[in-house]
Amino acid sequence: NCRKPIFHAPIHAESSMAVTRASWDTGCTIVHVNCDSALGRNLTELTAPALNSWIVNIAPLDDIEIITGMESSTILIVGNEAEITALNRRAEELIRGKALQYSFPSIRYFPMHYLEIRAAGTSKGAGLMKLAEHLGIKPAEVLAIGDYVNDIEMAQMAGSFGAPANARPEIIEIADYVSPFTNDEGAVSDIIEKMFFGVS
Numbered sequence: 202n203c204r205k206p207i208f209h210a211p212i213h214a215e216s217s218m219a220v221t222r223a224s225w226d227t228g229c230t231i232v233h234v235n236c237d238s239a240l241g242r243n244l245t246e247l248t249a250p251a252l253n254s255w256i257v258n259i260a261p262l263d264d265i266e267i268i269t270g271m272e273s274s275t276i277l278i279v280g281n282e283a284e285i286t287a288l289n290r291r292a293e294e295l296i297r298g299k300a301l302q303y304s305f306p307s308i309r310y311f312p313m314h315y316l317e318i319r320a321a322g323t324s325k326g327a328g329l330m331k332l333a334e335h336l337g338i339k340p341a342e343v344l345a346i347g348d349y350v351n352d353i354e355m356a357q358m359a360g361s362f363g364a365p366a367n368a369r370p371e372i373i374e375i376a377d378y379v380s381p382f383t384n385d386e387g388a389v390s391d392i393i394e395k396m397f398f399g400v401s
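One point on numbering: in my numbering, the residue at position 43 of the sequence shown is 244, and numbering is uninterrupted.
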């Protein structure tokens, strides 16, 4: 069951099922997220720790029919580069613009690669602005932190933007501040201290 979200935009139902069917027997890890619940298939010794670090309470996804009618906000498919490249191409054919898709390597858990499917019209930037509006915070007062190309819109909408040392070059180029530390070395706390609290 889902607590009432600030904003929820489910993936186009037919696209959700089509992508899931295409990836079902590939051996890749598949995770469907719906608000504060998640279902996962083929979680491995490599993918389980990575996903459990930021997606909580992943329940087993043993039967594909379980997701029929499920209003997933995100589908995340995890595999090696060749698997994800092939699935990304197949997803383009199946989705045909009815949902958004991103394919990218993991920064923290390389060589894992991700294919992320979200509802059309959604982004981290749009989500951040919905949260700011809900909290009564002006966009100019928002500090955002990101490391990958799917953070660009968030960077454009926030008043200030910081990045860790191991961020993609495109992100470092647009950041107001780049931490000397990586994600694993306390970059987030460094960015907050420098940009929010003004600690020198």
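Virtual Cβ for every residue (Gly too), placed ideally from N, Cα, C. These figures come from a predicted structure and were not determined experimentally.
Strand pairing of residue i, partner residues [DSSP]
| i | result |
| --- | --- |
| residue 224 | In DSSP, residue 224 forms no bridge with anything. |
| residue 285 | Partner(s): none; residue 285 has no beta bridge. |
| residue 317 | 277 and 303 |
| residue 235 | 238 |
| residue 261 | 241 |
| residue 379 | 364 |
| residue 230 | 279 |
Residue i beta carbon near the ligand PLP (any heavy atom closer than 7 Å)
| i | result |
| --- | --- |
| residue 206 | This structure does not include the ligand PLP; it has no bound ligands of any sort. |
Close-in-space but distant-in-sequence residues of the same chain around residue i (CB under 6 Å, 5 per side omitted)
| i | result |
| --- | --- |
| residue 231 | 224, 242 and 278 |
| residue 310 | 251 |
| residue 208 | 331 |
| residue 219 | 295 |
| residue 249 | none |
| residue 404 | Within the shown structure, residues of the chain are numbered from 202 to 401, placing residue 404 beyond reach of any answer. |
| residue 368 | 348 |
Cβ of residue i within 8 Å of any chain D Cβ
| i | result |
| --- | --- |
| residue 235 | Absent from the structure: chain D. Only one protein chain is present. |
Rounded distance between the beta-carbons of residue j and residue i, thought under 8 Å
| i | j | result |
| --- | --- | --- |
| residue 359 | residue 344 | 7 Å |
| residue 217 | residue 276 | 6 Å |
| residue 301 | residue 268 | Not confirmed; about 18 Å, so no contact. |
| residue 210 | residue 298 | With a Cβ gap of about 15 Å, residue 210 and residue 298 do not count as contacting. |
| residue 282 | residue 312 | 7 Å |
| residue 350 | residue 371 | 6 Å |
Cβ pair residue i, residue j closer than 8 Å
| i | j | result |
| --- | --- | --- |
| residue 319 | residue 212 | yes |
| residue 364 | residue 348 | yes |
| residue 325 | residue 352 | yes |
| residue 227 | residue 270 | no |
| residue 376 | residue 362 | yes |
| residue 316 | residue 292 | yes |
| residue 308 | residue 384 | yes |
Cβ neighbours of residue i in the same chain (closer than 8 Å, five flanking residues each side left out)
| i | result |
| --- | --- |
| residue 222 | 265 |
| residue 382 | 365, 366, 388 and 391 |
| residue 258 | 237, 238 and 239 |
| residue 286 | 304 and 314 |
| residue 234 | 256, 273, 274, 275, 276 and 277 |
| residue 245 | 230 |
| residue 215 | 299 |
7 Å CB neighbourhood of residue i in its chain, flanking five on each side removed
| i | result |
| --- | --- |
| residue 397 | 344 |
| residue 206 | 236 |
(request) Scan the segment 319-373 and note each continuous alpha helix (DSSP H) run of 4 residues or more that stays entirely inside, going in chain order. (result) Segments of the alpha helix (DSSP H) lying fully in the segment 319-373: 325-336 and 353-358.
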